[in-house]
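Comments concern the structure below.
Residue numbers (my numbering), protein chains in the order written: chain A, 212 to 541; chain B, 55 to 543; chain C, 140 to 498.
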C-alpha cells in the first residue's frame, strides 16, 4: 500500500535524480571540450546545451554574465531556476524528505549529504565562483555525479521492490528518455554549435558502448537509431520504455489508476520496436517532436495516476445565515 | 586534562553532579572521571562528530524567523545527565499517577458528568473559560479513557533537589525522537562510556507507542488496526519527529488531504483506492482538525473528521480538547485532582503556584510579589513572564494592576532555581541550568518511557531551555538497578 | 401552537464538486416550552446522516456527499407544539449581577466570543440604551432589546458573517443575526449574561411581530414602516398567496421565511429571559427554538465545506405552516450568489504548517 501523494513524491524524486545526473554529465563533457577550443566557439556550444536542456528562457531571465564559465555556473550552481544541478538535487532531497519514513535511511542520508555539499558551493556566490576559473562549479559537478551514482546504488541495492520503487524507477526512466530525445534534437542541422555524434553519445553516457558498434565518427542517423532503438543499452529510449512498462505492471493492485499510462507506454514501445525507424528518421524533426510529446504525455499519465485519487481542488466553506437566506464566507 | 568546573559555591541551585562542598556525587563519579581524561580539543573533536552526524542525517528542527523558517541542526551537549534507578522509580510512579488523574479529569469533563466540577475540586467556570476547553469534543469518547496517549511532563529540581512539576503538555508534546537520536549520537561519540554503566535502553519507543495506539483503536477495527500519523507537513518545526515516528512505528505519515471521510468513516487515499483508517495520531492543533467544525480556513485538516469521531469509527490521539487540562490556570489544581480521582497523595509536587482569582492567595502573593514569578496563563515559550526579584517597582505595580484587571489570566509561582549540570561551553565544562521532560504513554495502561528529554540553557545563568531560543539537550541515562551499584563503586 | 416546519436547503455548484461535508443544526429543541412531535431529514443525493447532540444540547445532523455531484438538497421536516411564554421576570436589583456565584455560573455568556467583541463604542451605546432604566435587571434587558432596532435598520443582505459590532453600529444596517449579536454584546458589556438563539419565526415579517400570517396582512410591497424592509427581496412567498385582495377568511397558513435569530439574557433569580431585538419585542409561541450558544458560531443552521470550483449558490428556505392547511412549496426559492472563496495559497499552507504548536 502506498499513499498517492507518496507515490507522486517518489516519481518526482526519480525524475529529478535523473535530471541532476544528466545535467552534471553534460556539463562535465562540455567542460572538457571547452578546454580544447576557442572561447567564442565554446560559448556557442554551451548556449546550445542550455537550449537542448530547455532552459533558454531561464538563461535570459538569469542575465548570465559573459565570463567563459558563466554558462557552466548557470547550469550547475544557479538555484534561481529549477533546471540547474543544485536545484535538481534540492528537489530530490525535498521529495525524499516527504517520504523519508518509508525509504531506506541511507537513501535519505545520501540525498541530504549531497544537498548540503551542493548548497555550500552555491553559497560561495556566482562572482566568487567565476573568479576561481570555474573550479568551484567543476568540483560541484564531480560531487554531483558521484552523489547521483551513489544514490542510484542505494536505490537499486536497498529499496524494496514495492510500489514506491516502481514509481521512482519509472520517474528516472521517463526523465532519461525525455532528455535523450531533447539532446538528439541538438545534433540536427548545420552550424558550428551543432553537437556531433560523439558528443551526443557522451552526453547520454553511451560513448564507449557505441564505439564498438558505430566506430569512431558516427553520423547523427546512426546515433539516433542507437539511442532510440538499442535493445541492450539502458540509455536507449526503447530499453527505458520496456522497463517503464514492467514497473507499471508491478502496480497490479493499482491497475485501474495506471491503465492509461500502461497503454501509452506499450504503444510507444511498439512504435520504436516495430516501426520503420529508418523511414521515420527521414524526417527527423517531426519524429523527434512526436517522440518528445508522446513521452511528455506518458510522464503526465503516470503523474496523474498518483494524484487522481488525492485532493486536487480546493476546499471552500459554505454557510447559511439566519434571516438572510444566503451563505457567506467567514 | 579538562577541569570540570564545580558548581559555584554561592549558587542557590542544586547541582546534579557535585554537592555543595564541591565533591562529586557518587552517581556521577565514573562519568566525571572519564570526562576529566579528555582535553578541550578532544571534547571539541567529539562534539564535531555529533554535529556532523546530525547534519548528515538531517536531524533538524525549524526556527521561525522569516515566513518559512530555517532548518537547524539539533543541538546536543556532550555531558550526559544521569538518573539513579531508585530516583527514577519514584519519578515513574509520580508521573504515572499524575497522567492517570489527568486522563480521568478529561474523561470527566468531556464524556462524564463533570463530577470534579460539581464537587468543587476545580471551579466549573475556570474550565469553561479555558482556551483549551473544546466544546466540539463533547460526547467523543476514547477507548480506555486514554484522552492523552502521549504526555510530556516538564519537571524541574528545586534547590533541595526535589523534582517538581512545572508544566503538563497534553496536546502535542514533542521531543521523543531527539531522546532516541541523542542516545545514538552519544554512542557514536563516546563508544566506551558504556563500560562503566548499565543504562536503560531507549530504542523500544516505537513499539511502545504503536501498542498504545493499537489499544485505543475503535471496536470493530480488527486485529491489525490501521494507524497513521497526521503531520501538518514539511514546514512544521517538528516534521523530522513526525517522519521519525512513522518509521519507528512502521505506519504511514499522512497529511490532511491524504485522508477523506465517506459516510462517517475515514479513509486513506492510496494508489489502489481508499483504505479505512482506525487510529490517527495527529500532530496538528485542535482547531485545524476539521474545517467543517473548527476553523473553516484550515488547509491541514480532514473535512468530516469530527463526525467520524462522533460516530466512533476512528480514534484521534491525543484527543480533542486536552488543552483544558494543561492550562496553566488548571495546573495548581492537579494535585487535588489526584487526591480526588485516585484517593492518593500526589507523589510529585507541583511548583508552588498561587491563583489570582482566590482573594486570599492573591493578597498573600501581592505582599511578596518581588520574590515570586508572575506568569500570564495564555502565553507559552516564556513570553510575558515577570520575575519579581529582577523587576523594577514600576514593573511590579503594572503586573499587579494587570492581575487585578483580569485575575483569570495570571498565576504566580515560587521561584524555582533549576538544577545545574556540567555542560560544554566554549572549551570548558561549566554548570548550566536544565529541566527534564519525560514522556508518558497511555493505552490500556499508563507507562513511563525511561529517561526523557533533558533540555539545558546554554547561556550562563539563563533559565530558558527552549531549543528555539538557543537551548541545548543532553542524553539522559536512567541507570539500571545493577548499573547504579557499578557506577557508585 | 402547532407548527409544521419544512427547512429546505439547496446547494448548487457552478462546476461539479467532488466532496461536501456539512453540519446541519435545524432540528427544533425539546424543552419545557416546546415539544418536537416529529423530525425527519432527507438528502439528495442520499447519504447516511449521523445525528448527535453538541455541547449546548442542540441536535446536529452530520452529512457528507463523496463523489461528484452538481447540487445537494437537504430537507428537514419537523412538527412542533409550542406553548405561550409565561410572564417575564419580576424586578431584581442590579447588584445581584455582581454575585460571584451568579458570575461563575454564567461565565461563558459574559466574556467576548468569536462574533461578539466590544470596545468603547458598544460600551457607549449600551449605557445610552439603559440611561433611563431603573435599577432592575429585567428592565435593562428590555431597554437594550428595544434600543437595538433604533441603532440598526433591518436590511437584507446588508452585512456578512464576520462583521464586528463596531462596524454594525457605524453601518447602521443588519439582519436578525446582527441585531442579536449587538444585543448580546451590549448586555454582556453591562454585566448581564446573554446568549444567542437560533430558531424559526412564524411571521411574515421578522421585524414586526404583530404581523403573523393569521393577521392576513400582505407582506409584499408593504414597504414596512421604519424598518425599511424591501418586500421584493424578502424571501416571502409571492403575491399569489398573499394577495392583498384575498379576503381575511382565507388567510394563508403556510409562509416561507428564513431561519431567525434572537437572544436570551440571564436574570438573577429568574433564569433565561428570551427577547427578540429584531423587532424590539418579546418572544412568543411563534418563536421555535433550534438551539443557543455564545453567538452564531455555536449554532449556525449550516456549516460545511465543499471541494471544487469556488462558485456555489445556496438557497435556504423555511416553510412554516399551521397544519390546518396543506403545506406546499409554492414557488421556486430566490437564487442568490453565495460564497466566493479565496483559494488557499501555498503560503497559507506553509504558514499553517509552521503554526501548529508542538509543545
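Virtual Cβ for every residue (Gly too), placed ideally from N, Cα, C. Being a predicted model, the structure only gives us computed values, none of them experimental.
- Contacts with chain A at 7 Å (Cβ-Cβ) do not include residue 219 of chain C.
- Assignment of residue 175 of chain B by DSSP, reduced to helix, strand and coil, places it in the coil class.
- With a threshold of 16 other beta carbon atoms within 10 Å, residue 278 of chain B falls short and is exposed.
- As a beta-bridge residue in DSSP terms, residue 150 of chain C pairs with C/211 and C/453.
- Chain order gives no chain B residues near residue 243 of chain A, where near means a beta carbon separation below 8 Å; the closest approach is about 31 Å.
- Considering only beta carbons, the part of the stretch 286-298 of chain B lying closer than 7 Å to chain C consists of 286, 287, 289, 290, 291 and 292, in chain order.
- A buried status is given to residue 255 of chain C, since no fewer than 16 other beta-carbon atoms sit within 10 Å of its beta-carbon.
- C-alpha of residue 494 of chain A to C-alpha of residue 405 of chain A: approximately 18 Å in a straight line.
- The DSSP-derived three-state label of residue 236 of chain B is helix.
- Put simply, the stretch 231-248 of chain C does not touch the stretch 166-176 of chain C. Fewer than three CB pairs are less than 8 Å apart.
- Closest option to residue 247 of chain B, judged by alpha-carbon separation, among B/439, B/359 and B/86: B/86.
- The stretch 456-503 of chain A is shown to contain whole alpha helix (DSSP H) runs of 4 or more residues at 466-485 and 488-491, in chain order.
- Counting only Cβ-Cβ distances below 9 Å, residue 193 of chain C has contacts in chain B at 189, 190, 192 and 193, in chain order.
- Between residue 531 of chain A and chain C, the shortest Cβ-Cβ separation is below 7 Å.
- In this structure, the beta-carbon distance from residue 69 of chain B to residue 474 of chain B falls below 7 Å.
- Note that the stretch 186-206 of chain C does not touch the stretch 173-185 of chain B; fewer than 3 beta-carbon pairs, one per stretch, sit closer than 8 Å.
- Cα atoms of residue 332 of chain B and residue 343 of chain B: separation of roughly 16 Å, rounded to the nearest angstrom.
- Excluding five sequence positions before and after residue 418 of chain A, the CB atoms of its chain that fall closer than 6 Å to its own CB belong to 412, given in chain order.
- Within the same chain, Cβ atoms closer than 7 Å to the Cβ of residue 395 of chain A are found at 411, 435, 438 and 499, the five residues on either side in sequence being excluded.
- A Cβ-Cβ distance of about 4 Å is found for the pair residue 199 of chain B and residue 161 of chain B, placing them in contact under the 8 Å criterion.
- Take residue 409 of chain C, set aside five residues on each side of it, and the residues of its chain with a beta-carbon closer than 6 Å to its own are 228, in chain order.
- In the DSSP assignment, residue 173 of chain C falls within the unbroken beta strand (DSSP E) covering 173-183.
- Put simply, the backbone Cα of residue 524 of chain B is about 12 Å away from that of residue 514 of chain B.
- Cβ-Cβ separation between residue 303 of chain A and residue 376 of chain A: approximately 15 Å, too far for a contact (criterion under 8 Å).
- With respect to chain B, the C-beta atom of residue 219 of chain A has no partner C-beta closer than 7 Å.
- Here DSSP, grouped into helix, strand and coil, assigns residue 285 of chain A to helix.
- Around the beta carbon of residue 339 of chain C, 16 or more other beta carbons lie within 10 angstroms, which makes this residue buried.
- Going by C-alpha positions, residue 232 of chain A is about 13 Å away from residue 264 of chain A.
- Between the stretch 275-282 of chain C and the stretch 215-233 of chain C there are three or more C-beta pairs closer than 8 Å, enough to call the two in contact.
- Inter-residue distance for residue 231 of chain B and residue 324 of chain A is about 20 Å (C-alpha atoms, whole angstroms).
- At least one CB atom of chain B sits nearer than 7 Å to the CB of residue 246 of chain C.
- Taking 7 Å as the cut-off, the Cβ atoms of residue 532 of chain B and residue 142 of chain B count as close.
- As a beta-bridge residue in DSSP terms, residue 313 of chain C pairs with C/293.
- Excluding its 5 nearest sequence neighbours in each direction, residue 259 of chain A has C-beta neighbours in its own chain below 6 Å: 397 and 404, listed in chain order.
- Identification of chain A residues near residue 328 of chain C by a Cβ-Cβ cut-off of 8 Å yields none; the smallest Cβ-Cβ distance measures about 23 Å.
- Distance from the CA atom of residue 296 of chain C to the CA atom of residue 314 of chain C, rounded to whole angstroms, is 7 Å.
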